[in-house]
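Last residue of the sequence shown: number 519 in this note's numbering, and the count goes up by one each step with no gaps. All C-beta atoms, glycine included, are put in the ideal place defined by N, C-alpha and C. Keep in mind that this is a model prediction, so the values were computed, not measured. The structure appears below as structure tokens.
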Amino acid sequence: MKNIKFYIETIGCQMNVNDSDKMAEILSKRGCFRTEDMSQADIVIVNTCSVRFSAEHKAYSLLGRLKEQKDVNPNLIIGVAGCMAQYAAKEIKTRCKFVDFVLGARDIDLFCETISKYVPDNKEINQNRNENSEVFRYITIMRGCSNFCSYCIVPYVRGPEVSIDYNEILKEVKKACDDGIKEIILLGQNVNSYNYNGVNFTQLLQKISEIDKVKRIRFMTNHPKDLSDELIDEIATNTKICRHIHLPLQSGSNNILKAMNRKYTYEQYKTLYEKIKNKIPDINITSDIIIGFPGETDKDFQDTFNASRQLQFGGLFIFKYSPRPKTLAAKLKNTVSLETIKERHSLLLEDSNIISKKINEKYIDKTIEVLVERVNNNVAEARNSQNIKVFFDTKENLKGKTVNVKITKVLPNSMSGILQ
Ligand code: 5AD
Ligand code: SF4
Numbered sequence: 100m101k102n103i104k105f106y107i108e109t110i111g112c113q114m115n116v117n118d119s120d121k122m123a124e125i126l127s128k129r130g131c132f133r134t135e136d137m138s139q140a141d142i143v144i145v146n147t148c149s150v151r152f153s154a155e156h157k158a159y160s161l162l163g164r165l166k167e168q169k170d171v172n173p174n175l176i177i178g179v180a181g182c183m184a185q186y187a188a189k190e191i192k193t194r195c196k197f198v199d200f201v202l203g204a205r206d207i208d209l210f211c212e213t214i215s216k217y218v219p220d221n222k223e224i225n226q227n228r229n230e231n232s233e234v235f236r237y238i239t240i241m242r243g244c245s246n247f248c249s250y251c252i253v254p255y256v257r258g259p260e261v262s263i264d265y266n267e268i269l270k271e272v273k274k275a276c277d278d279g280i281k282e283i284i285l286l287g288q289n290v291n292s293y294n295y296n297g298v299n300f301t302q303l304l305q306k307i308s309e310i311d312k313v314k315r316i317r318f319m320t321n322h323p324k325d326l327s328d329e330l331i332d333e334i335a336t337n338t339k340i341c342r343h344i345h346l347p348l349q350s351g352s353n354n355i356l357k358a359m360n361r362k363y364t365y366e367q368y369k370t371l372y373e374k375i376k377n378k379i380p381d382i383n384i385t386s387d388i389i390i391g392f393p394g395e396t397d398k399d400f401q402d403t404f405n406a407s408r409q410l411q412f413g414g415l416f417i418f419k420y421s422p423r424p425k426t427l428a429a430k431l432k433n434t435v436s437l438e439t440i441k442e443r444h445s446l447l448l449e450d451s452n453i454i455s456k457k458i459n460e461k462y463i464d465k466t467i468e469v470l471v472e473r474v475n476n477n478v479a480e481a482r483n484s485q486n487i488k489v490f491f492d493t494k495e496n497l498k499g500k501t502v503n504v505k506i507t508k509v510l511p512n513s514m515s516g517i518l519q
């Protein structure tokens, strides 16, 4: 029997990367081989995202290309998974009749059953599993979201927030350690509100760090309304937790924050931000901003721009507002023109890049510890505790190793240096 090759295209967030890994593991266990070349695949899975229209557009154009591939190879199996598959299954099935199955993000547990209809169980033939080659692994600790930020589709697609049993999480963490994983990345839409049978997020972090083999822990994402003092103290004192907090601000204008249903003011955010910086001086705080939320005036944008200057984020992800079905914001009039959104976006991007680069400049000539994630063409790609990407030349395969690098050059989102 011929080797079955599968290709997975992951669009969107780390949660999807995690789900793609799970699907890949199931396919590998059934004897299939992963390929990075879509045109060679017998099975293609498109793991979709619906957070912005552009992500959906990307999925449909990929499906367009897959139709052509299926015209040439009618045996090709095409599956659509993830968020778009969850809420727009009907539309996908109507628009793309050549798709074999559609499996929503909330039904990922049914993947094994679904795929068994298409792939015989052939586990003997796959000797090639490379489970031990990952450096970090995502572990989902919560599903869904109950915050209903007015622009966001996630609560409608992924359902209400549910915390996963910490016993299950600890089991997964131990398995990851046994597989040689060096870094654990805990995932949830708002990890700060984790609670399973009275065990909160700080206590979960404590339980995980008690596992001897765990070396590095990261987590995302945080919500400013729920990040506790207790958690800040835990990060400050627990050396296994990386010095990085992603803390989405979304807007620096109180009017817009209110309309977004974020449940904090800029002043409250700033107080929290300063508390974190004071208690954990070497922390890197990154953030998300949405530009062009309905009704965003020049003054609102100026508030956001000033906030970015005042807070000095280590990294800023700036998104153009995209109206999403079902959300409250999608019903709002007073939309901002595309030209204005574009203009504000580039103004903020340019300024925030200068800030991030300046922040990184403090590393110049310093020797820092980094964990190597991959080596390609004699260039290693690593990450420091602050989650900044670090590149350096090496002839050795240092993947998974912690090494020291002297930083010689910085950019807004990465640095490079010399292996010590
Ligand atoms: N339009 C633009 N950006 C969005 N985000 C979430 N929903 C939207 C939307 N409708 C951004 C937020 C969030 C990040 C993951 O995506 O900034 O923090
Ligand atoms: Fe969306 Fe807000 Fe939930 Fe984040 S916290 S997933 S932005 S609703």
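Bridge partners for residue i per DSSP, in chain order?
i: glutamate 480; result: Arg473 and Phe490
i: threonine 466; result: Lys505
i: isoleucine 389; result: Phe418
i: histidine 345; result: Thr385
i: leucine 518; result: Val504
i: tyrosine 295; result: Val298
i: methionine 319; result: Leu286
i: serine 262; result: Met241
i: threonine 109; result: Asn146
i: asparagine 236; result: First, the residue type needs correcting, since residue 236 is arginine and not asparagine in the sequence shown. Beta-bridge pairing links arginine 236 to Ile283.
CA-CA distance, residue i and residue j?
i: lysine 378; j: leucine 447; result: 28 Å
i: lysine 196; j: isoleucine 110; result: 21 Å
i: threonine 384; j: tyrosine 265; result: According to the sequence provided, residue 384 is isoleucine. The question's threonine does not apply to it. Going from the Cα of isoleucine 384 to the Cα of tyrosine 265 covers about 27 Å.
i: threonine 493; j: leucine 518; result: 7 Å
i: glutamate 438; j: asparagine 486; result: 33 Å
i: aspartate 311; j: serine 352; result: 44 Å
i: leucine 209; j: leucine 202; result: 8 Å
i: cysteine 148; j: serine 160; result: 13 Å
i: lysine 121; j: arginine 236; result: 11 Å
i: arginine 228; j: phenylalanine 132; result: With a pLDDT of 48 at arginine 228, under the threshold of 50, the modelled position of this residue cannot be trusted; read the value that follows with caution. Rounded to whole angstroms, arginine 228 to phenylalanine 132 spans 8 Å at the Cα level.
i: asparagine 172; j: alanine 275; result: 38 Å
i: glutamate 468; j: phenylalanine 490; result: 12 Å
i: phenylalanine 418; j: glycine 287; result: 20 Å
i: phenylalanine 416; j: histidine 345; result: 10 Å
i: glycine 516; j: threonine 466; result: 9 Å
i: valine 145; j: methionine 137; result: 11 Å
i: isoleucine 221; j: glutamate 233; result: The identity of residue 221 in the sequence shown is asparagine, whereas the question assumes isoleucine. Approximately 24 Å between the Cα atoms of the pair.
i: alanine 406; j: leucine 356; result: 13 Å
i: isoleucine 283; j: arginine 315; result: 6 Å
i: glycine 243; j: isoleucine 263; result: 11 Å
i: lysine 270; j: tyrosine 365; result: 39 Å
Can you tell which of the options has its C-alpha closest to the C-alpha of residue i?
i: asparagine 512; options: Ile440, Tyr363, Gly130 and Glu480; result: Glu480
i: alanine 154; options: Met319, Leu285 and Pro422; result: Pro422
i: alanine 158; options: Ile191, Asn172, Ala406 and Val469; result: Ile191
i: aspartate 397; options: His444, Tyr365 and Gly413; result: His444
i: threonine 336; options: Val272, Thr301 and Val489; result: Thr301
i: leucine 332; options: Gly499, Lys376 and Ile280; result: First, the residue type needs correcting, since residue 332 is aspartate and not leucine in the sequence shown. Aspartate 332 has its Cα closest to that of Lys376, out of Gly499, Lys376 and Ile280.
i: valine 313; options: Glu329, Cys341 and Gly297; result: Cys341
i: alanine 187; options: Thr338, Arg164, Asn483 and His156; result: His156
i: glutamine 411; options: Ala204, Lys270 and Lys456; result: Lys456
i: glutamate 329; options: Thr320, Thr501 and Leu371; result: Leu371
i: proline 254; options: Arg205, Val218 and Ile280; result: Arg205
i: glutamate 495; options: Val478, Lys461, Leu304 and Ile103; result: Val478
### Query
Do the region 125 to 135 and the region 205 to 214 touch if we need at least three Cβ pairs shorter than 8 Å?
The region 125 to 135 vs the region 205 to 214: in contact.
### Query
Taking one C-beta from the region 447 to 457 and one from the region 468 to 478 each time, how about it: are there three or more such pairs within less than 8 Å?
No: fewer than three Cβ pairs fall under 8 Å.
### Message
Count Cβ pairs between the region 319 to 329 and the region 289 to 305 that sit closer than 8 Å; are there 3 or more?
### Response
Short answer: they touch.
### Message
For the pair the region 111 to 118 and the region 180 to 189, tell me if three or more CB-CB distances fall below 8 Å.
### Response
Yes, they touch.
### Task
Mind listing which residues have their beta carbon within less than 6 Å of any non-hydrogen atom of the ligand SF4? Chain order is fine.
Every residue passing the under-6 Å Cβ criterion appears here: Cys244, Asn246, Phe247, Cys248, Cys251, Val253, Pro254, Gln288, Asn289 and His322.
### Message
If contact is defined by three or more beta carbon pairs under 8 Å, each pair taking one atom from either stretch, is the region 239 to 256 in contact with the region 420 to 434?
### Response
Three or more pairs of CB atoms, one per stretch, sit closer than 8 Å, so the region 420 to 434 contacts the region 239 to 256.
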